[in-house]
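For the sequence shown, my numbering assigns the number 132 to the initial residue and increments by one for each residue that follows. Think of the CB as a built atom: it goes at the ideal place given N, C-alpha and C, for glycine as much as any other residue. Worksheet: one structure, shown below.
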Amino acid sequence: MARLPLHDEHVNLGAKIVFYGGFTMPQEYKGLVAEHRAVRQSAGLFDVSHMGRIYVKGKDAIPFVESLVTNQIAGQPENKAIYALMCNEKGYPIDDLIAYVLNAQKILLVVNAINSQIDLEWMQSKIGKFDVTLEVVTSTLLQLALQGPLAEVALQTHITKMVELSELKFMTYLVTKHKGEELLISRSGYTGGDGFEIYANLKTIQALWKALVGDPRVSPCGLGARDTLRFEATLPLYTHEISEHITPVEAGLQFAIKLNKNFVGKDNLAEQIQKGVKQKLVGIELVGRGVARAEYPVLMNQKQVGVITTGYILPDSTKALAMAILETPYTKIGTKVTVMMRTTPIEAVVRDMIFMQKTYKR
C-alpha cells in the first residue's frame, strides 16, 4: 500500500485516511460538507498526486498520442490542456485523460490512478514503429489541485510574481520557475468551478502545500468532497459514467471526439454518432425519499431499463440527484421511472444533467 509523498502532512492535519487507487489518501479533514462548501465559496486544496503522470517523448510524440486518443492533439493552440479519451478497438474507454503538449517531442499525459498501469501497458503495445519512449513520473512530478472562486488570488499570493494567473483561461497552462524549480500551472480541475492544477517536484509541491493550507482562504479537502463536487458538475468518473460498458458517445462526450483524424476505436464511435446509441447518460431526480446510489437498478413498469452511476443529496440541497445510464427510449426528460433502493422502490423522474452552473474562466 503506497503512501502519497505528502502523507505526513495529511496526518498532521487530522485527515481521515483511506485506501484508493493504490495509495493511502485523505478522505476528509473537517468533513465532506465543510470541504464541499469551501470549494464553492472560497478555495479548497487537494493532493491529487495519486493520479498517473506519463511523459511521451520522442520525434513521434504528437502522432503517437494522436493515434491513441479521441481528441485533436496536433495543431492545437500553444499551451492548451486537452481533455481526451483513450479507447480500445470497440470504442470503449480504457481511460480519460488530460494531455499537455509541452513541445513537439514531449507530451505529459495525466491519467486516472486506478488505470495508470493498464494505460501504460496499452500505450506500450501500440508503439510499433513510432519513435517514442514512455516515462512514468508519478512519483517525481507531483500534483495539487486548488479549486474555488478565491483560488486565483490565493495561488498568486504564494507563487513567483513572474506570471499573471489572470491571463490564463480555462484549459490553458503555463510553465514557469518558482524559487528556481520548474512549475506547471493549468487552469483546470474536476469541480466545475474555477481553479488550477499544479505540477512540480516534491520540494516545490511540499512548500506550496504548506503555504496554501496556512492561507485562511484555503481549506484542505479530501476524496469525499472531490467526488461530490465533480458529481455536482456532472463530470464523469471512470468505472461510473464511462467504463468498459459505457462509450464516450453514450456518456455525452462527443465534444472530445474528433472524427477528422484516425485513432483506435474511431470506426465504432463514428457509427454510434451517425446511427445513435442504445443507451444514454441522463440526470435523475428522486421524487420519493432516499438516495440513489451507484449500481441501483432503474425500472420502468417493473422492467430494468438502466442503472444509477452516481448519486447524492448534495450539501445545502434537499434534492436526491443522480446520473444514470438508461436505454435510449427511456431517456426523454420528464420520463417517470423507479429506482430500486435495495428492496424499496422509489419514484423518480428523468431530468437534465445541469445540477449547477459551471464557473470556468473562459
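* Closest residue to Gln158 among Arg357, Ser374, Val418 (Cα-Cα distance) -> Measuring from the Cα of Gln158, the nearest candidate turns out to be Arg357.
* Between the beta-carbon of Met360 and the beta-carbon of His167, is there less than 8 Å? -> The amino acid occupying residue 360 in the given sequence is Leu; Met does not appear at that position. Taking 8 Å as the cut-off, the beta carbon of Leu360 is found closer than this to the beta carbon of His167.
* **Beta-ladder partner(s) of Gln435, from DSSP** => The partner list for Gln435 (beta bridge, DSSP) reads Leu430.
* Asked: Tell me which same chain residues have a C-beta within less than 8 Å of the C-beta of Arg348, skipping the five on either side of it?
  -> So the list reads Ser173, Ala174, Leu281, Val284, Ala285, once near-sequence residues are dropped.
* Look up Asn234 in the DSSP assignment and give the residues it is bridged to. => Lys237.
* Ile388 to Lys406 span [Cα, whole Å] -> Each residue's alpha carbon lies about 16 Å from the other.
* To do: For the alpha helix (DSSP H) holding Leu366, just list the boundary residues, first then last.
  => It is not in any alpha helix (DSSP H) - Leu366 carries neither H nor E in the DSSP assignment.
* Validate contact between the stretch 185-194 and the stretch 226-236 using beta carbons, cut 8 Å, 3 pairs -> When Cβ pairs closer than 8 Å are counted between the two stretches, the stretch 185-194 is seen to touch the stretch 226-236, the count reaching three or more.
* **Limits of the unbroken beta strand (DSSP E) element including Val179** => Segment: none, Val179 is in no beta strand (DSSP E) and carries neither H nor E.
* Asked: If you draw a straight line from the C-alpha of Ile444 to the C-alpha of Ile258, how long is it?
  -> A direct Cα-to-Cα measurement between Ile444 and Ile258 gives close to 45 Å.
* Asked: Can you tell me the Cα-Cα spacing of Leu343 and Gly383, whole angstroms?
  -> Cα to Cα, Leu343 sits roughly 36 Å from Gly383.
* Please list, in chain order, all residues of the same chain as Val306 whose beta carbon is under 6 Å from its beta carbon, the five residues on each side excluded. => Once the five neighbours on either side are set aside, the close Cβ partners of Val306 are Leu315.
* Given 8 Å as the limit, is there contact between the stretch 194-214 and the stretch 133-152, that is, 3 or more CB pairs closer than that? -> Output reads no: the stretch 133-152 does not touch the stretch 194-214.
* Asked: Taking C-beta to C-beta, are Lys450 and Gly323 nearer than 8 Å?
  -> No. Outside cutoff.
* Anyone know if the C-beta pair for Ala425 and Ile439 falls short of 8 Å? -> For Ala425 and Ile439, yes; Cβs fall inside 8 Å.
* When the Cα of Arg377 is compared with those of Glu298, Pro136, Gln403, Lys260, which residue comes out closest? -> Correcting the residue type first, residue 377 is Ile in the shown sequence and not Arg. Of Glu298, Pro136, Gln403, Lys260, the residue nearest in Cα terms is Gln403.
* Asked: Just the Cα atoms here: how many angstroms apart are Arg171 and Gly279?
  -> Taking the straight line joining both Cα atoms gives about 6 Å.
* Asked: What residue from Gln337, Pro351, Thr370, Tyr231 has the CA that sits closest to Gly152's CA?
  -> Selected option, being the one with the closest Cα: Thr370.
* Asked: Which of helix, strand or coil does DSSP assign to Asp191?
  -> Asp191: coil per DSSP, three-state reduction.
* To do: Pick helix, strand or coil for Val142, following the three-state DSSP scheme.
  => DSSP places Val142 in helix when its eight states are reduced to three.
* **Classification of Lys411 by the beta-carbon crowding that lies within 10 angstroms, buried from 16 upward** => With 16 or more Cβ atoms within 10 Å of its Cβ, Lys411 is classed as buried.
* Of all Cβ atoms in chain D, is any one closer than 8 Å to the Cβ of Phe394? -> The structure shown contains no chain D; it holds only a single protein chain.
* Taking only the alpha-carbon atoms, compute the straight-line gap between Asn243 and Leu135 and give it to the nearest angstrom. => Distance between the alpha carbons of Asn243 and Leu135 is about 15 Å.
* State the start and end residues of the unbroken alpha helix (DSSP H) segment that holds Gln488. => Run containing Gln488: none; DSSP gives neither H nor E here.
* **Reduced DSSP category for Gln207 - H, G, I as helix; E, B as strand; rest coil** => Coil, per DSSP.
* With DSSP as the reference, label Arg168 as helix, strand or coil. => Helix, per DSSP.
* For Val468 versus Ala479, is the C-beta distance shorter than 8 Å? -> Yes. Within cutoff.
* **Cβ neighbours of Met471 in the same chain (closer than 7 Å, five flanking residues each side left out)** => Answer for Met471: Tyr427, Pro428, Leu430, listed in chain order.
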